[in-house]
Every structure is written in structure tokens, then in C-alpha cells.
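Residues -18 to -1, 1 to 207 (mature numbering (1 follows the signal peptide of the UniProt record, and there is no 0)) make up the sequence shown, in order.
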Amino acid sequence: MLSIGFVTILFFIVFINASISALGDKVPVTCGSTIKLAHVVSKARLHSHEVAYSRGSQQQSVTGFPSSDDSQSYWVVHGPKEDPCIPGGTFKKGSALRLQHTVTRKWLHSHQFHSPLTQNQEVSAYGSDNESDGGDVWFLEWESKAKVWKQDGKVRLKHRDTGMYLYSSEGSKFGHPINGQQEVCGVRHKDKNSEWQTAEGVFLPSLETAAGGEGQTVDTTNDEL
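Printed below as a string of C-alpha cells:
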């Protein structure tokens, strides 16, 4: 009975927190949250599906989906495999993280293959719950003075292994069988097309909020930033 009560309370807290964020109160994006990332320029959602690239790595493809109404654009926020984050912990600038696709359980990944449309660096979904490597790790960057990653904040994801930025453009779209979806790739430079913003999601309450004061901040930082 106690465990049922605990689960009910936890669900209620998460539901309330998600509802508040939907009403415009921009909450921290915390470890364990399930989110959609929107490409700032095009509003396409970072997306994956059981469609493999026909060349390059032939791993599961990652694209920009043109609508917010899609169940395969959700990702769970994790820390690196070697330094897991605490559920509810916030992320500061320079933090390292991984994003796990909720439907296929694969990780947002990159490596030195060419992307199919632009010949930039390929971004794929790879691995499983029990398989993850350094190619799944990304550093958080942003230009504002925000202390932690928040729902409304414009961020960039820099790939740890290769230094490339997660990028998409409305000018690079696929045809059949994923007609209208944008290519997502890695590029060396930073511009508006490498900016992303957290949109829909279920946000775990931050430890700081739960404790009513100072809480846990994820400190897996990139020393180069």
C-alpha cells in the first residue's frame, strides 16, 4: 500500500510540474525528464524511427519532424554512462548528457560518417538500454546568462567525440519514405540552425524545488568551455 501511495504521489508531482510548464512557467530541464527538442528556426522536432540510413553507417536515422504532434519525438535526458546524473538534477552550461529515444531505446549518436543529403557529419540513433558509448555524449552550450538549462532556453548540443554541433536546415528535406522530414547532422560552425529549444515534455521536479533551497546540479562539465 505504501509503495502504491508513493507512486501516486510521484505521478501527481510530475503531472503538476508538467502542467505548470505547459501554462508558460519555464521550468528547469532535469535529469530523467522526457522532452521534445524543437529546432529554433524551423520548429521541427528532433525525431527518430525504425528507418535506417541506406548508406553511411546504416544505423537508425534521426530527422527533424515537421509537426509537434508525434509520439516518436520524445527523448529521455541522462548523464554520461560513466557519470550518471541524479533524477531531478539540473544541468549547467557545459554539462555532458545523453538523449535516449523513448520508443526505440537508442541514443542520439554521431560519428565520422557523411550525412546523406548535405555530406556533413551523420547523426544517428544507436545502442540500447545496455549499450552506449562515447559517441552518445553531448555538451550543453548556450549564450544567455541562465544558470541552468530551462525549457525556454535556446541551447546548442556539441558532440563530445568530434566537436560537431547538432544542426538542421529547412533547405535539406528527405523524400520517400520519410517525405518532408529534415536532415539532422553535425557541423563545425555555430549559427541559428544549430539552436534547439525544449518544447513539450514531462519534466521531473528539480531537486532544488523539492528541497525548497539549494539542490543538485549536474557537474559533468566540459573543461574547454
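Note that the Cβ used here is the ideal one computed from N, Cα and C, for glycine as well.
- Taking every protein chain shown into account, the CB of histidine 91 has 16 or more other CB atoms within 10 angstroms, so this residue is buried.
- In terms of Cβ geometry, valine 166 and serine 154 do not form a close pair [threshold 7 angstroms].
- Our two residues, tyrosine 147 and leucine 139, have alpha carbons roughly 6 angstroms apart in a direct line.
- Per DSSP, reduced to three states, the secondary structure at glutamate 32 is strand.
- Put simply, of Val105, His31, Thr86, Asp51 the residue whose alpha carbon is nearest the alpha carbon of valine 169 is Val105.
- Restricting attention to beta strand (DSSP E) runs no shorter than 3 residues, the segment 32 to 71 encloses them at 42 to 47, 57 to 60, ordered along the chain.
- Cβ contact annotation for threonine 144 (same chain, cutoff 7 angstroms, sequence separation greater than five): Ser92, Gln94, Gln103, Gly168, in chain order.
- Taking one beta carbon from each stretch, the segment 9 to 29 and the segment 172 to 180 have 3 or more pairs nearer than 8 angstroms; the two touch.
- Sequence-distant partners of tryptophan 120 (beyond 5 residues in either direction) whose C-beta falls short of 8 angstroms from its own C-beta, in its chain, are Ala78, Leu79, Arg80, Leu81, Leu90, Leu139, Lys140, His141, Arg142, Leu148.
- Across the set Lys174, Gln41, Val85, Val184, the C-alpha of Val85 shows the shortest separation from the C-alpha of serine 55.
- Within a 10 Å sphere around the beta-carbon of valine 33 sit fewer than 16 other beta-carbons, which makes this residue exposed.
- Beta-bridge pairing by DSSP links tryptophan 89 to Gln82, Tyr108.
- In the three-state scheme derived from DSSP, where H, G and I count as helix and E and B as strand, serine 176 is classed as helix.
- In terms of Cβ geometry, cysteine 13 and valine 59 form a close pair [threshold 7 angstroms].
- The C-beta distance from tryptophan 131 to threonine 72 rounds to 7 angstroms, short enough to fall under 8 angstroms.
- Secondary structure remark: continuous beta strand (DSSP E) runs of at least 3 residues inside the segment 123 to 163, in chain order: 136 to 141, 147 to 155.
- With a threshold of 16 other beta carbon atoms within 10 Å, proline 159 falls short and is exposed.
- Note on geometry: alpha-carbon atoms of glutamine 164 and serine 43 lie some 11 angstroms from one another.
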